[in-house]
Each structure stands twice: as structure tokens, then as C-alpha cells.
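Protein chains in written order, with UniProt numbering: chain D, 1 to 159; chain R, 1 to 490; chain V, 1 to 217. Below is one structure; the comments refer to it alone.
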């Protein structure tokens, strides 16, 4: 059951930070509902939207007793998730992020979670890291591969 | 399994999970091995010290601020050092960077990179130690001889003259073809500078290499110093040369290792040292020895140093080192203040391997002198309580006084082998029977010069290598007694 | 003890004196005889000695005369012999002198010949040596010339090569610089100007490639 909960959450969550934020917002909401504990900080707007988008059956799965336990389980499962670090040349906004995330989830694993890092040295495109191995698929690497050809063309231009 | 021949756009990466000073725990690096080198984006290098199930422990060689989730890349190099003949006369730090301000090490020579961590060669590569290592210091060469390939611990309290003694040995190796390596472990930079200057002014720098990490360097760099020194020594040993290696001092090394281990959460053992402190020193010292020609020939003679509190040398590190070396020399600051240089306590020092390297004449003489010294120390207590002593006791005590005076050697002097033997045998002749200690003090140099330069006496000096027993030498010197008397009357 | 009467005593005394006087007288007559005998003996000896003396004198004169005669004869013999010998030695000295002079002349001739011959030979040898020396010197000079030229050529070649390598290295550096500059310009330009869509396309491409490489499980 917890897996189903996790799957639902992960359906449109794409990055690790997003996931953690959303989980804390969800927890806040549920605790407020069950125990009337009011936190000082309201959840950010995007998250509240997502929370509203959650189906009601989903929320009904939680009740007073199992709230904490479910969250513990989810947290322990998150640790085991495969995380792919992606280096981008820009900081994506939510819309772009969801596009990239959906594409990735389609191509690979639905449960895939990204970790976005910023590296302007890749001129365009992205570099990926999985399980400690770093692969550069960006424009920089392409230029590196073809540098001789580029150089020759350049020289022709000079002459 | 990802092999090393990865295409250009693929590298292995790890992220810092936990950092403490110079220690970083990294996550990632699927195929990394111990002693591989890693580097951050800013260029700060580190090496892999240990690997656990999901974390890699890295010790940083450069001082750098590490942030969480900092990216580390795996380089293709392992922890190693550039070695070559260009190292002679230079001072380097344990990763091969020159620190003496004389510029790049070598512009043209292609050097080999040797790994710092080597397994010591086994028994099949060792040769019996049969050659004596001439230090040029009478006390050592006659009574506590050192062989080529031996490990002799230099033990003593502070300000007992150990460093001066070691410098003398280096300077006395001029024109003998022996290469000297001095590893300065965690000493202040001023001390290292001083050392370089002294060696240079005595013309000893051309055959010496200094491997130094000053006390201001990061602890992992200081920890690597003895390994780097041994790597350099092995390079020269494989060329068939004889190498003298001085590790000053291993007590500092042990303290640094303790610091690193405690930071890495290893369980502390006796005196808070980690459990593998013995292994760290032993596997290092085992790399010294005398090797067969098939394994390069040559030899590495190691002189590890440890400074300790002399009221108690039963603490962990000194006892460890005493059990892994082939003998020790005990320096006492009380002897030094009494004016004896080198300030070695003969009765408490031992050389387990040196006796087999001495020629028969020196062996005879040294056993005779040692016997006499131990008899004299037994009789000393008697002498304090009785005013009238029998002739023989007086003679023994007088001889001991004379021998101790003759064994004193000023710093930066070298005594040739023949003169050493003459000094040992002189107290048994009638020439010195009625001479006082002050006579010897004032005229020791003159006696030595006489035996080297005077025509008749130098004949005796030349005959010495062909003598077989101590009695022959003593007889020859009796004959020379007359000449010596005349010499000193003038 | 018995006492003798005085008359016996006087008788005994007279007897003793009588014996004594008889003995004395005997002695006296003995001595006289002896003296006579001695006197006769001495006379006899004197006569004999006189005889001997005269005999000796006569013998002496005879011997002397004989002696003189002998020496005279010896002298004459000696003289003749000496003269003979002198003559002979004179002759032999002459002959040997002649021989010596002839020998010396012969020697002179020979030495002169020898000198000439040796001079000629040494002249020849010196000439030959000088020739050889010249030859060798010229060979040596040629050789050294060749060697120096070849070594200079080698040096030139190596320096040229060094220059070439340096040139290529520098060119490579310049190339790398060009590329670096290009990368930087691309970076700044694209960073500002690349439309989001193109970037997204590139990212999708990266993901697809990762899939084909089976990079991500």
C-alpha cells in the first residue's frame, strides 16, 4: 500500500528537492487535519496546488494511526530510490522541469528521481551521472570530439 | 565492471557526504581502489585511504574547503612519486613537489612514477649482511658497528645530539658512493632550512636527497613522508647503490597517524594509538635491507629516530620500534652535558647484526674494550667507597677513562678506520700508562695526525689492514711508544 | 855413662889428626896430577886449533878464486844473451809497428766508407719518414674535416628538428587557444541566446542517448 502511495506521489514529482518539499507539505496538511497542529510557515503556492490535485481517495488512505508510520516507510523507501544527477546549463522553472521529468520517466523508470545541478561549462544540453559514473552528453563534449574538423574549417575561413 | 579505458566523456564521480578537516567520506566511485587519487573541481587532491560498504574515505593532500555534495572526480593516477636521478641534491615534499626554491626538478629526463605503497620484498631477495657501514665515528664503527642493510634505531631524549650525529654520518659519506636520504617528518620549516644549509656548506648536498613535510602541512601529507622516502630509496637501491635512510622522527609520524585515525572514528587502543600502528611502522621498516643482485643489488640502511622521555622508554612506540629494528643506539642528554659526544650510552646500546660485518681485528679489539668497560663499571661502585685500590683496579679504571676520552669525537670530524683501531689499542700500551686524561684531551688530534703523517708511524698505520689479532697491534704500538714519547717531548 | 881415661882420649885425637893429614896429602898429590894433565890437554888443543885455522885459510882463498872466475864467466854470458834479446825485441817491435800502421790505415778506409754509407741510409730514411708524416697529416686533416662537418650537420639537423617540434607545439597551443576562445564565445552567446526549445531538444537527445547506451538502468 505504501508503494502505491509513493507511486502516486512520484507520478509528477521529478526532482529530489521537489519530492522532499512536497512530502513535507503533505505531512503538514495531514497533521493539520488530524491533530490540528498549525505550523507557522504555510506551504509554498506550487505545492498547495499539487496538494489540491491529489485525488481524495489518496488522502483517505491516511488516518490518525498510520500517518507517522506511513511517512517513515516512505522515507526509508526514498533512500533506496535510483537517483540520477543531471547537470544543466540553466536553472529550469517548474514547467520545463516537469517536461524534462515526464520525458525521463517515459524513457526510463517511472520511479526515477533527478538531482538537478548547474554547470555552465556545458555549453548546451546536459550531462548525466548514474551510480557514480559521469557521462557528458552536452555540446561541449561534441565540440571536443569534433575539434579537429572544426579547427580545419576555421583555418579555411582564416585563409 | 567498468574498466579504466573509458571513453573521453565518461568519468567516475563521487559526492562528499561528510567532511571533517582533511577527511572526506564520499559516495559513488563504483570501481575505485585504495590509493587511487581523486580531485575536486578546484584541483584539491586526495587519496583513497579506506573503502567501506557504501562510503569511500579520502584523505586530502591539499588544504581546501570542502562543501557537502562537492563533486570529486577519479583521476587515472595512483598515489605515487616521480623518481629519477634528478632528485639528487634537492628537497621535495612527499608528493614530489620541490620545496627548496631551485625550480623544476627536471626539464628533460623522463622519470618513472613509483607508487608510494610497495610491499616489502620477501626473504628470497635478501642477502646476508656482511659489509660494514663506515660512519666515520669511532664509537660506532668499533663498539656498536652498523652493517649495510641494517635497521638501527636512534633513541634518545630531547637535546641529546641525535640530529648532529646523523648529520655527521651523512657528511662522512663523502666520496664513498653512498646516497643519503633524510626524511624530516613534521619538523618546523626552519629546521629543514637549517639542515639544507649545513649540508650545503659541508659539501654533502650533492649526494643527499631531503624529503620533508613541515609541521604546517596537512596531516595526511606528513603521514606520507616515510613512504615517499622509502620509495626514493628503493629506486636507487635497484640501481645497485647503497642508500642511507634517516627517518626523523617516527614518534611524530605515530602521533599524526593517531590524529588521522581518531578523526576517522577508528577505535583507539593503547595510549589512544590505533590498533594497526605496529603494522604502519613495521611494513615500512621491512623495506630496508641488503638485496641480492637479481633484485637490483644495493642496500638500504635505515636509521629511524625517536625522541622520548628517558625516564620511561617502555611506552608503546619505542618498544614497538625496538622490536622491529636490528639494534638501537641510546642517547642520553646527561652524557652530553658531561661533554661526551656522541652522547651514546654504550652499555645500553646494541647492534644485533653489526658484529658479523667487522673484520677479525676490530672484533677482537671491540670485545676486549667492551669487557674492560663492563669490568670498570662494576668496579666503579667499589672505587667510590675505598680510598686504597689495588693496582689492577686502578689500571682498569684509568683505561676506561682513557678509552672514553679517545672515543669522544667532535661534530663534523671524521676518523679514518686505521686511526680508530689505533685509538682502541693505545690504552693497552705503556705509552699511555702514565698519561692523564687532560693529556689525551689536548693531544688526541696530534696523536692522530702523527700516525697519519710521520714517516715511521705511518708505516704502522699502513700495516694495520693486514693484522689478524689485537695482540699484534698492541705489540706494534708498544714499539711505536718510544717514537711517540719523543714526539710529545718536543 | 862411663868416663874414658885421658890417655885414650889423647890417642883417639892423635889418630884422627894423623888420618886427616894423610887424606890432605893424598888430595894434594891428586890435584897436582890433575893440573899437569890439564896443562898437557890445553897444549894439545892449541896446536890442533892452529892447524885448523891454517887449513881454513887455505880453503878460503881457493874458494874465493873459484868464485871470481865463475862470476866473470856469468857476466860474459849474460852480456851476450842480453844483446841477442835486444836485437830480437827490436825486430819484433818493428814488425808490430808496421802491422799496426797498416791496420790503422785499413781502419781509416773502412770508417770512411761506413760513414758514407750510413749517411746515405739515414738520408733515405728521413725522406721516407717525412713522406709518411705528410701523408698521415693530410689524412688526419681530411678526416677531422669530415667529422666536424658531419657533426655540425647533425647539430644543425637536431636544432632544426627542435625548432620544428617547437613550432608544432606552439601551433598546437595556438589551436587549443582558438578552440578555447571559440568555446567561451559559444558559451556566452548560446547562454544568452539559445532558445529554450533548442536546449530542451538537446536534453531529450541526451536522455535518449543514455537509454541507448544502457547507461541508466
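Every residue gets a Cβ at the ideal spot worked out from N, C-alpha and C, and that includes glycine.
Check                                                                                                                                                                                 : Outcome
Where do the ends of the beta strand (DSSP E) carrying residue 137/D lie?                                                                                                             : Counting along the chain, residue 137/D falls outside any beta strand (DSSP E), and DSSP gives it neither H nor E.
By how many angstroms is the C-alpha of residue 95/V removed from the C-alpha of residue 86/V?                                                                                        : 14 Å
How about residue 11/R: is its C-beta nearer than 8 Å to some C-beta of chain D?                                                                                                      : yes
Determine, using beta carbons only, whether residue 149/R and residue 301/R come nearer to each other than 8 Å.                                                                       : yes
Residues of the region 166–193 of chain V in Cβ contact with chain D at a cutoff of 7 Å, in chain order, please.                                                                      : 175, 178, 179, 183, 186, 187, 190 and 191
Could you tell me the alpha carbon to alpha carbon distance between residue 82/D and residue 113/D, rounded to whole angstroms?                                                       : 7 Å
What is the DSSP secondary structure of residue 102/V, reduced to helix, strand or coil?                                                                                              : helix
Could you have a look at residue 98/R and say whether DSSP puts it in helix, strand or coil?                                                                                          : strand
Check the C-beta distance from residue 59/R over to residue 46/R and give it rounded, since I have them as a contact under 8 Å.                                                       : 6 Å
Taking all protein chains shown into account, do 16 or more other C-beta atoms lie within 10 angstroms of the C-beta of residue 112/V, making it buried, or fewer, making it exposed? : exposed
For a test of the three-state rule: what should DSSP assign to residue 117/R, helix, strand or coil?                                                                                  : coil
Tell me which same chain residues have a C-beta within less than 6 Å of the C-beta of residue 318/R, skipping the five on either side of it?                                          : 306 and 308
Whole angstroms is fine: what's the gap from residue 244/R's alpha carbon to residue 179/R's?                                                                                         : 6 Å
Whose CA, out of 399/R, 450/R and 390/R, lies closest to the CA of residue 429/R?                                                                                                     : 399/R
Just tell me which of 340/R, 141/R and 389/R has its CA closest to the CA of residue 416/R.                                                                                           : 141/R
Taking residue 281/R as the reference, give the member of 320/R, 258/R, 246/R and 315/R with the closest Cα.                                                                          : 320/R
Closest to residue 18/R by C-alpha separation, out of 35/R, 12/R, 37/R and 65/R, would be which residue?                                                                              : 65/R
With DSSP as the reference, label residue 106/R as helix, strand or coil.                                                                                                             : coil
In whole angstroms, what is the alpha-carbon distance linking residue 48/D and residue 95/D?                                                                                          : 16 Å
Anything in chain R within Cβ reach of residue 134/D, meaning under 8 Å, just list it in chain order.                                                                                 : 10, 11, 12, 13 and 73
What residue does the beta strand (DSSP E) around residue 63/R start on, and which one ends it?                                                                                       : Note, residue 63/R: premise wrong, no beta strand (DSSP E); not H, not E.
So residue 235/R and residue 83/R are in contact, right, with Cβ under 8 Å, and what is the actual spacing, rounded?                                                                  : 4 Å
Distance check for residue 159/V and residue 169/V, CA to CA, integer angstroms please.                                                                                               : 15 Å
Compute the beta-carbon to beta-carbon distance between residue 78/D and residue 116/D, rounded to the nearest angstrom, for a pair I have assumed lies under 8 Å.                    : Actually they do not touch by this definition, with Cβ atoms about 17 Å apart.
Below 8 Å, how does it come out for the region 418–429 of chain R and the region 364–373 of chain R: are there three or more Cβ pairs, yes or no?                                     : yes
Hey, quick one: how far does the beta strand (DSSP E) through residue 487/R stretch, first residue to last?                                                                           : Element bounds for residue 487/R: not the beta strand (DSSP E) but the alpha helix (DSSP H), 470–489.
Let me make sure I understand the geometry here. Which of 403/R, 479/R and 227/R has the alpha-carbon closest to that of residue 288/R?                                               : 227/R
Determine which residues of the region 193–214 of chain V have a Cβ less than 8 Å from any Cβ of chain D, and write them out in chain order.                                          : 194, 196, 198, 199, 200, 202, 203, 204, 205, 206, 207, 208, 209, 210, 211 and 213
Of the residues 21/R, 380/R and 55/R, which one's Cα is nearest the Cα of residue 34/R?                                                                                               : 55/R
Counting along the chain, where does the beta strand (DSSP E) carrying residue 49/R start and finish?                                                                                 : 45–51
Quick check on residue 12/R: buried or exposed, where buried means 16 or more other Cβ atoms within 10 Å of its Cβ?                                                                   : buried
Count the C-beta pairs between the region 167–184 of chain V and the region 146–153 of chain D that are closer than 8 Å, then say yes if the count reaches three, no if not.          : yes
Give me the subset of the region 87–109 of chain D whose CB atoms are less than 8 Å from a CB atom of chain V, sorted by chain position.                                              : 88, 89, 90, 96, 99, 100, 103, 104, 107, 108 and 109
Please confirm whether any heavy atom of the ligand FAD lies closer than 7 Å to the CB of residue 116/V.                                                                              : Here there are no bound small molecules, and the ligand FAD is not part of this structure.
Does any residue of chain C have a CB that is nearer than 8 Å to the CB of residue 28/R?                                                                                              : Going by chain labels, chain C is absent from the structure shown, which instead holds the protein chains D, R and V.
According to DSSP, which residues form a beta bridge with residue 385/R?                                                                                                              : Partner(s): none; residue 385/R has no beta bridge.
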